[in-house]
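Engineer: Input: one structure, supplied below.
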DNA sequence: TACTTTTTCTGATACAGATCAAATTTCAAA
DNA sequence: TTTGAAATTTGATCTGTATCAGAAAAAGTA
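Residue numbers (this note's numbering), protein chains in the order written: chain A, 476 to 744; chain B, 476 to 744.
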């Protein structure tokens, strides 16, 4: 092992480093070499823990960084002139948020922790500097934007075709898929958000969401107890939402850019 | 003038070059130097004229480039599994489309010319190579993505709050603003698209769109004759859509990244 | 010019989902 | 444990917009 490589290993040898993160290759670029990853981490990354309901960034405040959820969960909310609040997305571990801030130099929404959460903060300017030297980094950045664009467009289409039931079922399946991506149990999970937030996010009245959930329970498609959800008949649920590619519906969805595993770790270590 | 600069001027001295484009600084990065602009143009740009209803790119086909409208107009349409078509956006001169293709390497929608249109095609790979050497170029690319992200998110919010009338009025005001940005008459224009497309885009039935347009005419807010529209009382219209920042509602909206004028032309020439 | 075909408009009706109202459950704080 | 506020459920009613149906106008086409 050469001298430089050992330097970077030293820098990464901490319990909170990306190398030791359980999320593995789910967030940073798939084919990064050991050194690239270390550079990103040392130069641009910061890890912060927020209490439930704490604000991570506020709408209109200056954009400096974007964020990836390490543990916990986050919601983003936009407030318009009239004062109406609109929930834009829910973010689970490995998912990225805050990208919309780049253009105007200010965040386009407010991000709040829905429970005690640890968040990785990535300084945009430094990352941009780095990416001039690391083409795969640049590619990753651009892809992240494009992915987010696709997610939001999918959400837009979704909101414009679908019925209330399709939206609620789609929402549940989406959350389920995002759990599976992290190798967690996919048919049993806790919703971090209130019915109001779900309703707002889906563009429905909260009473409608509640009614649909109880109806699904009566049909033995799900079991719901407060915020704890169990999907009893995923096939039945899937059949209710035919049309869109629901495997990855929501704005928050984020999967590895390249799809390639983090093999370089094995090769170097 | 040094030798290199004169080389680039030679390369740009054609009637179709960016230098002689009436759109001026509305599309490419604001602070580009003469040389940067020339490099982009020579390496990555191509200009193509399409007949009405011609396909510019198709959903699922391999992503190679993104596009900017030079003259005419374009619509993008997404088709889902069920076969439902959804109009994603309308694009006017200076506006950019096709960005969503980067992630998957395939276009996420089909783009069609709504009339005989001239389109600039920008090769993404070459642009990306260039941007490693030109930081302002990279910045511009990232900003373009982020802007598009904001536009689509705005559209999503828009579709989820607003009533049918707000959507139609918002749509008219948006088109009007996009005309003003290009220093064209803002209260009188021709819609390039059919009522069906407007309705689909706004998530409404075409009958609803038609009814609202005739109602607005009876109230003397607009005059509408086929596809020719005249906005008679912009103030009245604006008051109907309070809430969102309607100055830039639609997905197609695209304005200059930096806001700074193209001064470098003056300095060199 | 007449003759399709497509687009747009208008009216009548139906219904999904919003809104209003109130009961019930959950949860945190005293 | 009590108490109060917030979240959730359930019921009754209302309404905006979709849908169905057909007429009128516009745009192609022969």
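Glycine residues also receive a C-beta, built at the ideal position from the N, C-alpha and C atoms.
Just so it is clear, the structure is predicted and the values come from calculations on it, not from any experiment.
Taking a cut of 8 Å between CB atoms, which residues from the stretch 630-658 of chain A lie near chain B?
Structural biologist: Correct list: 630, 631, 632, 634, 635 and 636.
Engineer: Here's the rule I'm using: 16 or more other beta-carbon atoms within 10 Å means buried, otherwise exposed. How should residue 584 of chain A be labelled?
Structural biologist: By the neighbour-count rule (16 or more Cβ atoms within 10 Å), residue 584 of chain A is buried.
Engineer: So residue 600 of chain A and residue 628 of chain B are supposed to be a Cβ contact under 8 Å. How far apart are they, rounded?
Structural biologist: Not quite, the Cβ-Cβ distance comes to about 23 Å (not below 8 Å), so this is no contact.
Engineer: Quick one: which residues of the stretch 548-578 of chain B get their C-beta closer than 7 Å to a C-beta of chain A? List them in chain order.
Structural biologist: Residues passing the 7 Å Cβ filter: 553, 555, 556, 557, 559, 561, 563, 574, 575, 577 and 578.
Engineer: Measuring only the C-alpha atoms, how far is residue 478 of chain A from residue 540 of chain B?
Structural biologist: Cα to Cα, the separation comes out at about 42 Å.
Engineer: Is residue 585 of chain A near the ligand GDP - that is, is its Cβ less than 6 Å away from at least one heavy atom of it?
Structural biologist: Absence of the ligand GDP from the depicted structure is noted, as is the absence of any ligand whatsoever, leaving it without description.
Engineer: In angstroms, rounded to a whole number, what distance separates the CA positions of residue 708 of chain A and residue 591 of chain B?
Structural biologist: Computed Cα separation, rounded: 51 Å.
Engineer: Would you mind working out which of A:713, A:550, A:520 and A:645 sits nearest residue 745 of chain A, comparing C-alpha positions?
Structural biologist: Lying before the first or after the last residue shown, residue 745 of chain A is absent from chain A, which here runs from 476 to 744.
Engineer: 7 Å is my cut-off, CB to CB: does residue 679 of chain B come that close to chain A?
Structural biologist: No, residue 679 of chain B lies away from the interface with chain A (no Cβ there is under 7 Å from its Cβ).
Engineer: For the beta strand (DSSP E) containing residue 694 of chain A, name the first residue and the last one.
Structural biologist: It is not in any beta strand (DSSP E) - residue 694 of chain A carries neither H nor E in the DSSP assignment.
Engineer: Please list, in chain order, all residues of the same chain as residue 521 of chain B whose beta carbon is under 6 Å from its beta carbon, the five residues on each side excluded.
Structural biologist: Correct list, in chain order: 596.
Engineer: I'd like to check one pair, residue 538 of chain B with residue 587 of chain B: are the Cβ atoms closer than 7 Å?
Structural biologist: Result no, Cβ atoms of residue 587 of chain B and residue 538 of chain B do not sit closer than 7 Å.
Engineer: Counting only beta-carbon separations shorter than 7 Å, does residue 607 of chain A have a partner in chain B?
Structural biologist: Closer than 7 Å: yes.
Engineer: Bridge partners for residue 496 of chain B per DSSP, in chain order?
Structural biologist: The partner list for residue 496 of chain B (beta bridge, DSSP) is empty, contrary to what the question assumes.
Engineer: When the cut-off is 7 Å and only beta carbons count, does residue 545 of chain B lie next to chain A?
Structural biologist: Not one chain A Cβ lies under 7 Å of residue 545 of chain B.
Engineer: Does the Cβ of residue 700 of chain A have 16 or more other Cβ atoms within 10 Å, making it buried, or fewer, making it exposed?
Structural biologist: Label assigned to residue 700 of chain A: exposed.
Engineer: Checking contacts by CB at 7 Å: is residue 596 of chain B closer than that to chain A?
Structural biologist: Judged by the 7 Å Cβ criterion, residue 596 of chain B is not in contact with chain A.
Engineer: For residue 737 of chain B, count the other beta carbons within 10 Å of its own beta carbon; 16 or more makes it buried, fewer makes it exposed. Which is it?
Structural biologist: Residue placement at residue 737 of chain B cannot be trusted, given a pLDDT of 32 that sits under 50; the coordinates are not used to answer.
Engineer: Let me know if residue 658 of chain B comes out buried or exposed under the rule of 16 or more other beta-carbons within 10 Å of its beta-carbon.
Structural biologist: Exposed, because fewer than 16 other Cβ atoms sit within 10 Å of the Cβ of residue 658 of chain B.
Engineer: So does the stretch 668-681 of chain A actually touch the stretch 667-674 of chain B, counting three or more Cβ pairs closer than 8 Å?
Structural biologist: Short answer: they don't touch.
Engineer: Using 8 Å as the threshold, is the stretch 639-649 of chain B in touch with the stretch 684-691 of chain B, meaning 3 or more CB pairs across them?
Structural biologist: In short, these stretches touch, since the Cβ pair count reaches three.
Engineer: Can you list the beta strand (DSSP E) stretches of 3 or more residues lying completely in the stretch 543-621 of chain B, in chain order?
Structural biologist: Within the stretch 543-621 of chain B, the complete beta strand (DSSP E) runs of at least 3 residues are 549-554, 560-566, 585-588 and 592-598.
Engineer: Kindly indicate which three-state DSSP category residue 687 of chain A falls into: helix, strand or coil?
Structural biologist: Correct three-state label for residue 687 of chain A: helix.
Engineer: Pull up the distance between the alpha-carbon of residue 594 of chain B and that of residue 512 of chain A, whole angstroms please.
Structural biologist: Approximately 40 Å, taken between the alpha carbons.
Engineer: I need the boundaries of the beta strand (DSSP E) containing residue 654 of chain A, first residue and last residue.
Structural biologist: Segment 639-656 is the alpha helix (DSSP H) holding residue 654 of chain A; no beta strand (DSSP E) there.
Engineer: Using the Cα positions of residue 714 of chain A and residue 631 of chain A, report the straight-line distance between them to the nearest angstrom.
Structural biologist: Their Cα atoms are separated by approximately 21 Å.
Engineer: Exposed or buried, which one is residue 625 of chain A when buried takes at least 16 other CB atoms within 10 Å?
Structural biologist: So residue 625 of chain A ends up on the buried side.
Engineer: Do you know how far the Cα of residue 559 of chain B is from the Cα of residue 495 of chain B?
Structural biologist: The alpha-carbon atoms of residue 495 of chain B and residue 559 of chain B are separated by roughly 41 Å.
Engineer: Taking the alpha carbon of residue 547 of chain A as the reference point, which residue from A:614, A:664, A:514 and A:515 has its own alpha carbon closest?
Structural biologist: Per the Cα distances, A:664.
Engineer: So who's on the other strand from residue 540 of chain A, going by DSSP bridges?
Structural biologist: According to DSSP, which records beta bridges pairwise, residue 540 of chain A is partnered with A:598.
Engineer: Between the beta-carbon of residue 542 of chain B and the beta-carbon of residue 573 of chain B, is there less than 7 Å?
Structural biologist: Result yes, Cβ atoms of residue 542 of chain B and residue 573 of chain B sit closer than 7 Å.
Engineer: Measuring only the C-alpha atoms, how far is residue 698 of chain B from residue 705 of chain B?
Structural biologist: When rounded, the distance between both Cα atoms is 5 Å.
Engineer: Under 7 Å between C-beta atoms, does residue 628 of chain B make it to chain A?
Structural biologist: Yes, residue 628 of chain B counts as interfacial toward chain A.
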